[in-house]
Amino acid sequence: MRFFSILSLSFLLVGANAGVLEDEGYTFENLGDGICTVTSKQGSDRGELPDKFKVNKADKTITIQHLNIVGDKTPNHLPSSTIMAAVCREFGLEPDNLNKVVMSVYKDFRLQNALDTYRSIHYDMKKDEKIFATIIRPGMGSDMDTNTDRDVWLDLYEFMPLQMVRSMLTINSVVGKISIDEGDKTCLMSYFIEPNEENDESVIHNFDEYGEKYGDS
């Protein structure tokens, strides 16, 4: 059950993230032209490359150039989603107001499974043709019963990059579309942020709900 209004929750999250990088021992460095790095003491001690981002305030986009992915429960580390949100705020952008988050992602088995699902649906693709497509969230911008790529979305739903982007956001917004630009070993993924319309019945909060609402009967 939710006890906070959407507006009050937004203010709480903004306050919680103000100065969070410095407070947690991270070093933020603005390199100019929207490029910045974030370094943790632990990462520096291990010789890790710093997280690196490019933020375009005019276009309201953040591009992840390098990221040491950290989960929500890693001791003595901020989650990657918290770092990404804090970087946006360093440039005067709220994550909910972003247009998109862009990152290059290696084709691990989860992403490969989504690509294979896409090819099985679009069987007219040539054998060696790379996927260049935009996947629309089920129930958003298309009828969920006619959205042929809904199974691709299901495959992408628990993929770490989407989870990180979703964790940046409040309930005011959702990831509405994902574009895939496939390369040989990686895919350039763009996650498009859209307002979460009030009383939008298509909003799903966990993977089990997706299975119940959009899975095969």
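Under mature numbering (1 follows the signal peptide of the UniProt record, and there is no 0), residues -18 to -1, 1 to 199 are what the sequence shown spells out, in order.
A virtual CB, placed ideally from N, CA and C, is assigned to each residue, including glycine.
>> If distances are taken between C-alpha atoms only, which option among Gly29, Ile162, Glu72, Pro120 comes closest to Cys18?
In response: Restricting attention to Gly29, Ile162, Glu72, Pro120, the CA atom closest to the CA of Cys18 is found in Glu72.
>> Let me check understanding here. Comparing Cα to Cα, which of Thr43, Lys23, Arg119 lies closest to Pro77?
In response: For the options Thr43, Lys23, Arg119, the alpha carbon positioned closest to that of Pro77 is the one of Thr43.
> Can you tell me whether DSSP reads Lys36 as helix, strand or coil?
Replying inline: Strand.
>> In the DSSP output, which residue or residues are listed as bridge partners for Ile17?
In response: Answer is Gly14, Lys36.
>> Is Ser102 close to chain C? Criterion is C-beta to C-beta, closer than 9 Å.
In response: The structure shown has no chain C; it contains just one protein chain.
> For Glu6, which of helix, strand or coil comes out of DSSP?
Replying inline: Looking at Glu6 - three-state DSSP - the assignment turns out to be coil, as it is neither helix nor strand.
>> For a minimum of 4 consecutive residues, which ranges assigned as the alpha helix (DSSP H) are wholly contained in the stretch 76 to 115?
In response: Fully enclosed alpha helix (DSSP H) runs of 4 or longer: 91 to 103.
>> Would you call the stretch 19 to 39 in contact with the stretch 87 to 99, where contact means no fewer than 3 C-beta pairs closer than 8 Å?
In response: Flag = no, the stretch 19 to 39 and the stretch 87 to 99 do not touch.
>> Since Leu80 and Phe141 should fall inside the 8 Å C-beta cutoff, what is the C-beta to C-beta distance between them, to a whole number of angstroms?
In response: Incorrect: roughly 19 Å between the Cβ atoms, too far for contact.
> When we look at the beta-carbon of Tyr139 and count the other beta-carbons within 10 Å, is it buried (16 or more) or exposed?
Replying inline: So Tyr139 ends up on the buried side.
>> Excluding the 5 residues flanking residue 217 on each side, which residues of the same chain have their C-beta closer than 6 Å to its C-beta?
In response: What is shown of the chain runs -18 to 199, which leaves residue 217 out entirely.
>> On the CB-based measure, 16 or more other CB atoms within 10 Å of its CB, does Phe114 come out buried or exposed?
In response: A residue is called buried when at least 16 other Cβ atoms come within 10 angstroms of its Cβ; Phe114 does not meet this threshold and is exposed.
>> Quick check on the DSSP output: the beta strand (DSSP E) that includes Leu170 runs from which residue to which?
In response: Its beta strand (DSSP E) spans residues 168 to 177.
>> For a quick check, are the C-beta atoms of Ile103 and Thr130 less than 9 Å apart?
In response: Yes, the pair counts as a contact, with Cβ atoms nearer than the cut-off.
> Can you tell which of Gly25, His59, Glu111, Ser63 has its C-alpha closest to the C-alpha of Ile46?
Replying inline: Relative to the Cα of Ile46, the nearest Cα in the group Gly25, His59, Glu111, Ser63 belongs to Ser63.
> What are the partner residues of Thr164, as DSSP defines its beta bridges?
Replying inline: According to the sequence displayed, residue 164 carries Glu and not Thr. DSSP output for Glu164 lists Cys169 as bridge partner(s).
> From Ser172 to Arg119, what does the alpha carbon distance come to, in whole angstroms?
Replying inline: Straight-line Cα distance between these residues: approximately 13 Å.
> My guess is that Pro61 and Ser155 are in contact by the Cβ rule of under 8 Å, so how many angstroms apart are they, rounded?
Replying inline: Wrong, their Cβ atoms sit about 18 Å apart, outside the cutoff.
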